[in-house]
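Protein chains in written order, with the numbering used here: chain A, 9 to 117; chain B, 2 to 114.
Worksheet: the structure to be examined is printed underneath.
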């Protein structure tokens with residue numbers, strides 16, 4: 009079992025839809041959770057950074073962490089074509105940093 | 002504000018050639034990292050430098066060397082390139098190496114024939 013699992017997609021949704029992206033993990037030591045957005049031929053860009061279980065909101069983006077289930081989610085409201093990218097989850101404890109393989113999202117106009 | 006800058010952006014090498022990938026950050030971060038990204042495998046850590054003067058191996062260090070030249074710059078060297086090293090290489094930095102998010106450059110696309 010991989011340390012972090014993420015459905016690679018691709019996921020296609022119509023413009024305006026609510027998108028749900030998810031990761032599961034196996035190591036309960038992970039304390040910090042991140043979501044990165046990566047456009048084609050670009051580097052990952054930090055979107056959300058959270059520590060505790062619960063929700064964190066930033067504009068159209070909401071990050072949700074459930075440590076008891078070892079499950080994290082990123083919700084995108086009112087999705088736009090400009091949200092089309094690959095979304096990577098990441099998590100760490102101490103100096104250990106692990107990335108999911110990414111989910112490719114296409115938002116169709 | 003440049004953030005993390007990587008050079009070159011693209012490179013094609015022949016098997017056995019050597020090459021150094023350059024990375025510089027202007028965020029006054031203490032820690033820097035080199036990753037490779039391959040389809041379906043996500044980002045894998047090659048080497049990192051928790052602070053100036055230190056370097057440590059990551060998950061896939063074989064075939065690579067690194068140098069932390071100063072606080073800003075961290076280079077990755079392929080001494081004898083192999084086709085298995087064809088990948089996209091990303092440099093990242095963070096304030097400290099513990100429990101801080103990493104910030105990435107735009108990558109170097111390396112093909113080895």
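Ideal placement from N, C-alpha and C gives every residue a C-beta, glycine not left out.
Fair warning: this is a prediction, and the values are worked out from it, not measured in the lab.
Per the coordinates, the alpha-carbon of residue 61 (chain B) lies some 26 Å from the alpha-carbon of residue 93 (chain A). Setting aside the 5 residues that flank it on each side, residue 40 (chain A) is surrounded in the same chain by 59 and 100, each with a C-beta closer than 6 Å to its C-beta; the list follows chain order.
For residue 53 (chain B), no beta strand (DSSP E) run applies, since DSSP gives it neither H nor E. Annotated as proximal: residue 44 (chain A) and residue 107 (chain A), with beta-carbon spacing under 9 Å. The beta carbon of residue 47 (chain A) lies closer than 6 Å to those of 93 in the same chain, with the five residues before and after it left out. In this chain, the beta strand (DSSP E) harbouring residue 69 (chain A) covers 69–74. Within a 10 Å sphere around the beta-carbon of residue 55 (chain A) sit 16 or more other beta-carbons, which makes this residue buried. Of all residues in the stretch 36–52 of chain A, only 39, 40, 42, 44, 46, 49, 50, 51 and 52 come within less than 9 Å of chain B when Cβ atoms are compared, listed by chain position. Neighbours of residue 54 (chain A) in chain B, taken as residues at a C-beta separation under 7 Å, are given in chain order as 102 and 104. By the Cβ rule, the stretch 87–104 of chain B counts as touching the stretch 23–42 of chain B, because three or more pairs are nearer than 8 Å. Within the stretch 80–105 of chain A, contact with chain B at the beta-carbon level (separation under 9 Å) is assigned to 96, 98, 100, 101, 102, 103 and 105. Counting other Cβ atoms within 10 Å of its Cβ, residue 116 (chain A) stays below 16 and is therefore classed as exposed. The three-state reading of DSSP puts residue 84 (chain B) in helix, counting H, G and I together.
If you ignore the 5 residues before and after residue 72 (chain A), its C-beta comes within less than 6 Å of the C-beta of 63 and 81, all in its own chain and listed in chain order.
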